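Peer 1: For the sequence shown, the positions run 1 to 360 when UniProt numbering is used.
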Amino acid sequence: MFLALTEIRHSKMRYALIILTITLIGYLTFILTSLAYGLAQSNRSAVDSWRASSIVLNTEADGGLRQSSLTKEQVDDVSPAGADVASIGELSAVGTSAGDSDKTTVDLLGIDKDQFVYRELNPTEGRRFDTAHETVADDGLKANGYALGDTIKVGDDTTLTIVGFVHNTKLNVAPVLYVPLETWQTRKFGDLPQGAPKPQASAVIERTATPPKTPSGTERLGIAIFIEKLPGYSAQNITFSLMIGFLFVITLVIIAIFQYILTMQKIPNYMVLKIQGIPTWFLVKAMLIQATLIAIVGVVLAAGLAAATALAIPPSVPMSFNMPLLTGAGLAIIVMSTLGSLASVKTIATIRPTSIVAGE
Numbered sequence: 001m002f003l004a005l006t007e008i009r010h011s012k013m014r015y016a017l018i019i020l021t022i023t024l025i026g027y028l029t030f031i032l033t034s035l036a037y038g039l040a041q042s043n044r045s046a047v048d049s050w051r052a053s054s055i056v057l058n059t060e061a062d063g064g065l066r067q068s069s070l071t072k073e074q075v076d077d078v079s080p081a082g083a084d085v086a087s088i089g090e091l092s093a094v095g096t097s098a099g100d101s102d103k104t105t106v107d108l109l110g111i112d113k114d115q116f117v118y119r120e121l122n123p124t125e126g127r128r129f130d131t132a133h134e135t136v137a138d139d140g141l142k143a144n145g146y147a148l149g150d151t152i153k154v155g156d157d158t159t160l161t162i163v164g165f166v167h168n169t170k171l172n173v174a175p176v177l178y179v180p181l182e183t184w185q186t187r188k189f190g191d192l193p194q195g196a197p198k199p200q201a202s203a204v205i206e207r208t209a210t211p212p213k214t215p216s217g218t219e220r221l222g223i224a225i226f227i228e229k230l231p232g233y234s235a236q237n238i239t240f241s242l243m244i245g246f247l248f249v250i251t252l253v254i255i256a257i258f259q260y261i262l263t264m265q266k267i268p269n270y271m272v273l274k275i276q277g278i279p280t281w282f283l284v285k286a287m288l289i290q291a292t293l294i295a296i297v298g299v300v301l302a303a304g305l306a307a308a309t310a311l312a313i314p315p316s317v318p319m320s321f322n323m324p325l326l327t328g329a330g331l332a333i334i335v336m337s338t339l340g341s342l343a344s345v346k347t348i349a350t351i352r353p354t355s356i357v358a359g360e
């Protein structure tokens, strides 16, 4: 530890440049990680709030809620008396504020007032809806200027009054509007011809370890599989994961290069130390401690920059600073920095103290 700190104090500028590099890489890693997590949550937070174990969709929907529709018979078959299930209707729409001054993409979710999704709605402000023209909205709409009691027009003929707000309830990166299932049916299908069957729901979600039978024309998916099938969800996560992974590799390579150059410059010093009887393992240990300390300082500075960014960033940006995830990313950078310094171990081990005596 003493040798590591002495070298850092002796070459402040060199090590400051390494720390700056790690800080910038760490900052970029934290921002990308937070953006990836925030976007993922914006895609799935409504689904997570249901706490369902499985979902039943139309077989032709390819696992997509938006493409699915179930008939009344299918819903009844999958929802026997006493089953812990809930019908869900989904419709992507454009919401318009009073005076047609502001347009916002929203996700209309129809739910049954007698089922668990409605019962477990826990508005942070206001109350649950009671009538066909009331809605409980995601509080992200507040950033668009909406407040309790405001109206939002969906389509040409549906005007909803916001009677409550729920926190962090988005689907496909759009704020959710919870409405009665009948309102969703009317908005999506309108007035069908006489005798034409009106779809009852987009899907049925379940909370049961032993689900009932799967009706003809439907498929049952585990909720984790359903989330993976959300539009763009998997591709987005893979893209960000690769970007963050490359940053870790870049950290390893940069530290390896810096440490190797510093080691080559310090070969005469290492020779003198070896002549004095300092063992190789002690020099390697000092180098590893040095690399770890530099990485820790860089990660701490990066965390400070990320925290400042979190305070300054507007609510409209889908970023979420998840502490366990960011801690893991920071530890990964420290580990990569330490591993990168191992590239110089062979150089230190092959230094011959006799070389300086022989004048080599």
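Glycine included, each C-beta is placed from N, C-alpha and C at the ideal position.
Fair warning: this is a prediction, and the values are worked out from it, not measured in the lab.
Look at the Cβ atom of V154, then the Cβ atom of V94, and state whether they are nearer than 9 Å.
Peer 2: Stepping through the sequence shown from its first residue, residue 154 is reached at position 154. Stepping through the sequence shown from its first residue, residue 94 is reached at position 94. Yes, Cβ-Cβ distance for V154 and V94 is below 9 Å.
Peer 1: Could you spell out the range, first to last residue, of the beta strand (DSSP E) harbouring G110?
Peer 2: Counting from one through the sequence shown, the residue named residue 110 turns up at place 110. Taken as a continuous stretch (DSSP letters only), the beta strand (DSSP E) holding G110 covers 103-111.
Peer 1: Return no unless some Cβ of chain B is closer than 9 Å to the Cβ of P123.
Peer 2: Among the protein chains of the structure shown there is no chain B, as only one such chain exists.
Peer 1: Whole angstroms are fine: how far does the CA of S69 sit from the CA of W184?
Peer 2: Here residue 184 refers to the residue found at position 184 when the sequence shown is read from its first residue. Here residue 69 refers to the residue found at position 69 when the sequence shown is read from its first residue. Taking the straight line from one Cα to the other gives about 12 Å.
Peer 1: Check V78 in the structure and name its three-state DSSP category.
Peer 2: For the purposes of this step, residue 78 is taken as the residue at position 78 of the sequence shown. Looking at V78 - three-state DSSP - the assignment turns out to be helix.
Peer 1: Y260 lies in the alpha helix (DSSP H); which residues open and close that run?
Peer 2: Within the sequence shown, residue 260 is the residue found at index 260, counting from 1. Element bounds for Y260: 233-265.
Peer 1: Starting from N144, follow the alpha helix (DSSP H) in both directions and report where the run begins and ends.
Peer 2: One-based indexing of the sequence shown puts residue 144 at position 144. Run containing N144: none; DSSP gives neither H nor E here.
Peer 1: Do I55 and E206 count as a contact pair if the criterion is CB distance below 9 Å?
Peer 2: Taking the first residue of the sequence shown as position 1, residue 206 is located at position 206. Taking the first residue of the sequence shown as position 1, residue 55 is located at position 55. Cβ atoms of E206 and I55: closer than 9 Å.
Peer 1: Which same chain residues end up closer than 8 Å to T218 when comparing Cβ atoms and leaving out the 5 residues on each side of it in sequence?
Peer 2: Translated into positions along the sequence shown, residue 218 becomes position 218. Correct list, in chain order: V56, L57, N58, T59, L70, Q74, V78.
Peer 1: List the whole-angstrom C-beta distance separating T208 from D84, where the pair is believed to meet the contact cut-off of C-beta under 8 Å.
Peer 2: Locating residue 208 in the sequence shown gives position 208, where the first residue counts as 1. Locating residue 84 in the sequence shown gives position 84, where the first residue counts as 1. Confirmed, about 6 Å.
Peer 1: What residue range does the alpha helix (DSSP H) around S34 cover?
Peer 2: Counting from one through the sequence shown, the residue named residue 34 turns up at place 34. Start and end: 12-50.
Peer 1: In the structure shown, what three-state DSSP assignment does I294 receive?
Peer 2: For the purposes of this step, residue 294 is taken as residue 294 along the sequence shown, with counting starting at 1. In this structure, I294 counts as helix in the three-state DSSP scheme.
Peer 1: Can you tell me which residues form a DSSP beta bridge with A349?
Peer 2: Mapped onto the sequence shown, residue 349 falls at position 349. None; A349 has no bridge partner.
Peer 1: So what does I334 bridge to, in DSSP terms?
Peer 2: By 1-based counting over the sequence shown, the position of residue 334 is 334. BP columns for I334 are empty, so no partner.
Peer 1: Note down the Cα distance separating S49 from F30, rounded to an integer number of angstroms.
Peer 2: As a position in the sequence shown, residue 49 is number 49, starting the count at 1. As a position in the sequence shown, residue 30 is number 30, starting the count at 1. C-alpha separation (whole angstroms): 26 Å.
Peer 1: When the Cα atoms are used, what is the spatial distance from F282 to V345?
Peer 2: Indexing the sequence shown from 1 puts residue 282 at position 282. Indexing the sequence shown from 1 puts residue 345 at position 345. In a straight line, the C-alpha of F282 is about 11 Å away from that of V345.
Peer 1: Shortest alpha-carbon distance to S202 belongs to which of L181, F165, P215?
Peer 2: Here residue 202 is taken as the residue at index 202 of the sequence shown, counted from 1. Minimum Cα distance to S202 is reached at L181.
Peer 1: Roughly how many angstroms lie between the CA atoms of A349 and A256, to the nearest whole one?
Peer 2: Translated into the one-based positions of the sequence shown, residue 349 becomes position 349. Translated into the one-based positions of the sequence shown, residue 256 becomes position 256. Cα to Cα, A349 sits roughly 16 Å from A256.
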